[in-house]
Amino acid sequence: DAGVIQSPRHEVTEMGQEVTLRCKPISGHDYLFWYRQTMMRGLELLIYFNNNVPIDDSGMPEDRFSAKMPNASFSTLKIQPSEPRDSAVYFCAQPAEQGNTGELFFGEGSRLTVL
Amino acid sequence: EDQVTQSPEALRLQEGESSSLNCSYTVSGLRGLFWYRQDPGKGPEFLFTLYSAGEEKEKERLKATLTKKESFLHITAPKPEDSATYLCAPRTDKLIFGTGTRLQVFP
Chain F
110 DAGVIQSPRH EVTEMGQEVT LRCKPISGHD YLFWYRQTMM RGLELLIYFN
160 NNVPIDDSGM PEDRFSAKMP NASFSTLKIQ PSEPRDSAVY FCAQPAEQGN
210 TGELFFGEGS RLTVL
Chain L
41 EDQVTQSPEA LRLQEGESSS LNCSYTVSGL RGLFWYRQDP GKGPEFLFTL
91 YSAGEEKEKE RLKATLTKKE SFLHITAPKP EDSATYLCAP RTDKLIFGTG
141 TRLQVFP
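Going down the list, the protein sequences come from chains F and L. If you use the numbering used here, the first sequence corresponds to residues 110 to 224, in order. If you use the numbering used here, the second sequence corresponds to residues 41 to 147, in order.
What follows is the structure in C-alpha cells.
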C-alpha cells in the first residue's frame, strides 16, 4: 500500500494558465480531503468528498477552483485561470481508517508556483 | 467563528531542554483535538487525538494534554530529530488547523 500519491510534486506556470493537480488515494477509504497550505494562512480545507460525492466545498476560494472525484481511486483539483495568489502547497488527505475524519493520512503535496 | 491559535510561532531549544507548545481554541461542538507533526517538504503526520478535558497521551518524548480551551504539547529532553512544525487541529464537522509552531532543536 503506497499511501496517498499526488502529482505533480512541483508545478510552475504562468498566470492565466490552467492547472490540474491529481490525487490517487488509498482505495476503499470513504473520505477524501483537499487542503491548501501557505505561510500566511496555514492549512486550509478546500473541499472534501464522501464516497466520491462532494460534501463541503465552502473552502474553495472562488469559481476558478473546481474538484472532481470520478471514482474511489482518483481525484483532481483544477484551477482555471490560475493567478499568482494561488501559489501554495496543495495536499490531498484521507482518513487512516474508515470514518475517522480526524486522523488523516496526507500525501506529500503539490507545490504550485504561479508567475 | 471558530478560531485556533498556536504559540509560540517558533521555538529554538538546546538538546535536552524541555518545553511546551500551546494551542488555544474557540470552536462550537468540539469533536476531538488532534496534533500533527510536519517535516519540511512533507505532508502532516498524525501524532495524537484527545477527546476530553484532562486526557493525556504520550509518545516517546511527547505528551499532549487537553483542557476545555487549550491543549499543550510537552516535549521532554528533545533531540534534534524532534525538529519539525507541530500543528494542532480541533475538529467540529471538520479539522481546523492552527498555523503551527516551528520547533528547532540544536545539539
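Heads up, the beta-carbon is just placed ideally off N, CA and C, and yes, glycines get one too.
Sorted by chain position, which residues of the same chain lie with C-beta nearer than 7 Å to residue 114 of chain F's C-beta, five sequence neighbours on each side aside? By one-based count along the first sequence, residue 114 of chain F stands at place 5. Cβ within range, chain order: 133 and 216.
Alpha-carbon to alpha-carbon, residue 139 of chain L and residue 129 of chain F: The residue labelled residue 129 of chain F in the question sits at position 20 within the first sequence. The residue labelled residue 139 of chain L in the question sits at position 99 within the second sequence. If I take the Cα positions, the gap works out to 26 Å.
What's the C-alpha gap between residue 117 of chain F and residue 186 of chain F? Locating residue 117 of chain F in the first sequence gives position 8, where the first residue counts as 1. Locating residue 186 of chain F in the first sequence gives position 77, where the first residue counts as 1. Cα to Cα, residue 117 of chain F sits roughly 12 Å from residue 186 of chain F.
For residue 74 of chain L, list the residues DSSP reports as bridge partners. Stepping through the second sequence from its first residue, residue 74 of chain L is reached at position 34. Bridge partners of residue 74 of chain L: L/89 and L/129.
Alpha carbons only, please: which of L/83, L/100 and L/105 is nearest the one belonging to residue 92 of chain L? Position 52 of the second sequence, counting from 1, holds the residue named residue 92 of chain L. Out of L/83, L/100 and L/105, L/105 has the C-alpha closest to the C-alpha of residue 92 of chain L.
From this set, F/188, F/138, F/210 and F/154, which residue's C-alpha is nearest residue 123 of chain F's C-alpha? Looking up residue 123 of chain F in the first sequence gives position 14. Checking every option, the nearest Cα to that of residue 123 of chain F belongs to F/188.
Identify the continuous beta strand (DSSP E) that holds residue 119 of chain F and give its terminal residues. Here residue 119 of chain F corresponds to residue number 10 of the first sequence, with the count starting at 1. Run containing residue 119 of chain F: 119-122, per the beta strand (DSSP E) assignment.
Where residue 165 of chain F sits in the DSSP three-state scheme: Within the first sequence, residue 165 of chain F is the residue found at index 56, counting from 1. Looking at residue 165 of chain F - three-state DSSP - the assignment turns out to be strand.
Answer yes or no: does any C-beta atom of chain F fall closer than 7 Å to that of residue 17 of chain L? Residue 17 of chain L is absent from the structure shown; chain L starts at 41 and stops at 147.
Would you call residue 176 of chain F buried or exposed, if buried means 16 or more other Cβ atoms sit within 10 Å of its Cβ? On the first sequence, position 67 is the one that residue 176 of chain F refers to. Burial of residue 176 of chain F is indicated by the presence of at least 16 other C-beta atoms within 10 angstroms of its C-beta.
Could you tell me the boundaries of the beta strand (DSSP E) in which residue 55 of chain L lies? Reading the second sequence from its first residue, position 15 is the one you call residue 55 of chain L. First-last for residue 55 of chain L: undefined, no H or E at that position.
What whole-angstrom Cβ distance do residue 120 of chain L and residue 147 of chain L have, given they're in contact under 8 Å? By 1-based counting over the second sequence, the position of residue 120 of chain L is 80. By 1-based counting over the second sequence, the position of residue 147 of chain L is 107. Their Cβ separation, rounded to whole angstroms, is 6 Å, which keeps residue 120 of chain L and residue 147 of chain L in contact under 8 Å.
Work out the CA separation of residue 117 of chain L and residue 54 of chain L for me, nearest whole Å. Here residue 54 of chain L corresponds to residue number 14 of the second sequence, with the count starting at 1. Here residue 117 of chain L corresponds to residue number 77 of the second sequence, with the count starting at 1. Their Cα atoms are separated by approximately 9 Å.
Residue nearest to residue 221 of chain F in terms of C-alpha spacing, selected from F/148, F/196 and F/131: The count along the first sequence starts at 1 and reaches residue 221 of chain F at position 112. Residue F/196 is the option with its Cα nearest to residue 221 of chain F.
Which bits of chain L does residue 154 of chain F rub up against, with CB to CB less than 9 Å? What you label residue 154 of chain F is simply residue 45 of the first sequence in a count that begins at 1. In chain order: 134, 135, 136 and 137.
Option in F/167, F/158, F/223 and F/173 with minimal Cα separation from residue 210 of chain F: Numbered from 1 along the first sequence, position 101 holds the residue referred to as residue 210 of chain F. Comparing Cα-Cα distances from residue 210 of chain F to each of F/167, F/158, F/223 and F/173, the minimum goes to F/158.
Among L/41, L/46, L/89 and L/84, which residue has its Cα nearest to the Cα of residue 200 of chain F? As a working note, residue 200 of chain F is residue 91 in the first sequence. Answer by Cα proximity: L/84.
Classify residue 224 of chain F: buried if its beta carbon has 16 or more other beta carbons within 10 angstroms, exposed otherwise. Counted from its first residue, the first sequence places residue 224 of chain F at position 115. Burial call: exposed.
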